[in-house]
Amino acid sequence: MKYRRPPGTNDVTPQQAIQWQQMEAVFADLCRRHCFGELRTPIFEDTDLFIRSVGHGTDIVSKEMYTFEDRGGRSLTLRAEGTAPAVRAYLENHLAQQDPQRLVKLYYVAPIFRYDRPQAGRYRQHTQFGLEAIGSDCPAVDVEIIQTAVELYQAAGLRDVVLKLNSVGCPQCAPGYVQALRDFMADKLDQVCDDCRRRYDENPLRMIDCKNAQCRIVVEQAPKMTDLLCEECEDHFGHVRRYLELLGISYDLDPYIVRGLDYYTRTAFEFVAASIGAQSSIGGGGRYDGLVKQIGGRSTPAVGIGIGVERVLLVREQQGVAQTEQPRDGCLVVTLGDAAWEAGLKLATMLRGHGVRADVDYRRRSMRAQLRHADGERFARALIIGDQELEQGIVAVRDMETGEQQEVTQDRLLQFVTGVPGQCEKQVD
RNA sequence: GUGGGCGUAGCUCAAUGGUAGAGCACUUGACUGUGGCUCAAGGGGUUGGGGGUUCGAAUCCCCUCGCUCACCCCA
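Here the first sequence is numbered in our numbering, starting from 19 and rising by one per residue.
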């Protein structure tokens with residue numbers, strides 16, 4: 019094979035596309051009911067947008083961005099993350115309409131690009147369903163974001179999805195926690211892995227979600243962010259939990275949830291589904307009260323989530339979620355002989371013009387082969403035309419489900435096939 | 001960036017140095033104008049690529065490319 023798709027990318031074949039269309043339809047309907055409006059942004063952005071928002075020290079910025087220079091010398095980057103472009107568009111298009119208190123609820127379906135080493139469930143191009151609610155610090159908004167994701171997973175038929183919840187504090191209390199963590203770890207650096215010794219200096223928070231068994235033992239004794247929240251963050255977190263319980267959404271408190279992007283404040287959460295390999299996170303997000311201002315707007319609270327569509331589909335496949343059988347639909351025009359073939363072409367054209375899924379077998383094969391094709395392609399009916407039918411001005415209509423067959427005159431055919439009374443070929447022509 | 005596993009038909013996989021196979025899928029026929037079940041036949045392969053050893057390589061050796069899983073990190 020001379021050409022292959024680039025590593026870490028996927029083709030979606032027509033058969034797989036059915037799953038995608040289902041998921042997209044479910045998501046769009048959920049967003050409609052939750053009053054999120056769709057936002058579409060360019061596939062690339064000013065490189066600086068990602069650096070300034072996601073953070074210099076993060077893996078995404080330091081080694082995973084698809085960055086290039088265009089002919090005008092601008093540095094551009096393929097969308098590495100969904101939130102920053104959404105906030106940029108929110109500001110650029112004045113979606114708040116001069117009212118910074120206005121809650122703007124946005125959703126998107128967008129490809130995300132990160133130069134990572136591919137593995138099960140991790141791709142260099144993947145797709146996120148994203149939700150962003152910009153303009154409110156009400157903890158009930160955090161919960162609505164979470165709730166919408168829960169509803170999506172339910173509609174997708176996923177079982178055993180666990181919500182892990184944490185609060186990472188705010189600029190008032192988080193630095194105090196980092197200091198407390200450093201103080202605690204200072205005399206234990208000989209007990210942790212090399213990476214964690216490096217993290218101690220560069221990004222202490224990362225130490226607490228280290229997977230190394232030895233490190234975990236140490237970290238379990240370390241102070242927890244949720245014990246050191248300031249009064250406001252404590253209150254916010256309490257309300258998030260209260261509303262989750264009010265709406266019947268179960269969760270696990272997990273003090274080790276640390277999001278990999280710098281802009282998160284307060285609420286941080288992740289949805290996890292075991293059984294798809296090491297990359298088990300199927301959605302993650304949190305509050306980012308500082309980001310809008312950082313990107314150049316007025317100080318505006320916000321919260322959002324990204325849902326990994328490929329991973330949701332992986333879980334669905336792995337859990338054997340019953341694929342709804344493709345319903346039979348439309349007509350295959352089956353012809354025998356040259357005269358019938360030409361009549362068949364016209365018939366298929368007429369049907370398509372009236373919204374009917376219709377095709378002919380261009381290989382001009384035996385009737386047996388054509389009917390097998392009609393069955394395999396899940397047509398509802400076969401419209402059979404041979405010399406006899408041509409002479410009599412009729413079509414033999416075969417129901418591919420029941421095998422029942424009857425002769426229908428040409429002028430009644432459209433009505434018969436569409437089930438719409440009072441409509442016939444003569445009228446529409 | 002680091003490590004492990006694997007590359008044989010469209011798909012899933014056999015064949016341990018001696019003529020490249022099976023199941024499924026596809027095509028055709030049994031049924032000369034009727035799908036699904038059954039049966040039969042058929043098409044399809046530079047065994048990822050290159051080099052080496054050998055009378056002989058899918059098989060052994062070297063190189064290379066690709067895929068995959070895991071670490072890291074993320075959705």
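Built from N, CA and C at the ideal position, the CB exists for glycine as well.
Keep in mind the model is a prediction, meaning the values are calculated, not measured.
Where does Gly303 land, buried or exposed, given buried means 16+ other C-beta within 10 angstroms?
buried
For Pro319, the three-state DSSP class (helix, strand or coil)
coil
On the CB-based measure, 16 or more other CB atoms within 10 Å of its CB, does Ser80 come out buried or exposed?
exposed
Go ahead and label Gln428 buried or exposed: buried means 16 or more other beta carbons lie within 10 angstroms of its beta carbon, across all protein chains shown.
buried
Can you tell me whether Ser93 is helix, strand or coil according to DSSP?
strand
Member of Gly326, Gly421, Gln423 and Leu432 whose CA lies at the smallest distance from the CA of Arg370
Leu432
Do Tyr133 and Phe147 have their beta-carbon atoms positioned less than 9 Å apart in this structure?
no
Answer with buried or exposed for Pro345, where buried requires no fewer than 16 other C-beta atoms within 10 angstroms of its C-beta.
exposed
With distance defined between alpha-carbon atoms, name the residue in Phe255, Asp253, Gly326 and Phe289 nearest to His144.
Gly326
Candidates Glu409, Asp405 and Ala398, of which the one nearest Thr420 by Cα:
Ala398
Which residues in the same chain as Asp393 place their Cβ atom closer than 8 Å to its Cβ, once the five residues preceding and following it in sequence are excluded?
Met418
What does DSSP give as the partner residue(s) for Gly148 in the beta ladder?
Tyr126 and Gly324
Where Tyr4 and Ala240 are concerned, what is the direct C-alpha to C-alpha distance, given to the nearest angstrom?
Any property of residue 4 remains undetermined from this structure, which presents the chain solely from 19 to 447.
According to DSSP, Gln143 sits in a beta bridge with which residue or residues?
Phe131
Is it buried or exposed for Ile61, if we count other Cβ within 10 angstroms and need 16 for buried?
exposed
In chain order, which continuous runs of the beta strand (DSSP E) of length 3 or greater are located wholly inside the stretch 322–378?
349–353 and 376–378
Once the 5 residues before and after Val159 are set aside, which same chain residues still bring their CB inside 8 Å of it?
Leu121, Ala151 and Val321
With a Cβ-Cβ cutoff of 9 Å, do Leu183 and Ala286 count as a contact?
yes
Contact under 9 Å by Cβ, Arg284 with Val186:
yes
Helix, strand or coil, according to DSSP, for Ala114 in the structure here?
coil
With a cut-off of 8 Å on the beta carbons, I'd call Ala138 and Val330 a contact; round off their distance for me.
Ala138 to Val330, Cβ: 14 Å. No contact.
How would you call Leu408, buried or exposed, if buried means at least 16 neighbouring beta carbons within 10 angstroms?
buried
Relative to the C-alpha of Gln27, which residue among Arg142, Cys188 and Asp155 is closest?
For the sequence presented, residue 27 should be read as Thr rather than Gln. When only C-alpha atoms are compared, the closest one is Arg142.
Buried versus exposed, by CB contacts within 10 Å (16 or more), Thr101
buried
State the Cα-Cα distance for the pair His391 and Val351, rounded to the nearest angstrom.
11 Å
Cβ neighbour criterion (16 or more within 10 Å) applied to Asp379:
buried
Among Gln406, Ser71, Asp377 and Val438, nearest to Glu425 - alpha-carbon criterion
Gln406
Tell me which residues share the same chain as Ser293 and place their Cβ nearer than 6 Å to its Cβ, disregarding the 5 neighbours each side in the sequence.
Gln336
Close Cβ partners of Ala198 (< 7 Å) along its chain, the five nearest in sequence each way excluded
Pro241 and Leu246
From the DSSP output, in three-state form, read off Ile235 for me.
helix
Could you give the DSSP three-state label for Val105: helix, strand or coil?
helix
The alpha helix (DSSP H) with Thr76 in it runs from where to where?
No alpha helix (DSSP H) contains Thr76, which DSSP labels as neither H nor E.
Element boundaries [beta strand (DSSP E), containing Asp64]:
Phe62 to Asp64
So, with DSSP's three-state summary, where would you put Thr166?
helix
Measuring alpha carbon to alpha carbon, tell me which residue in Ala366, Thr318 and Ile300 is nearest Gln172.
Ile300
Run through DSSP, which three-state label would Gln190 get?
coil
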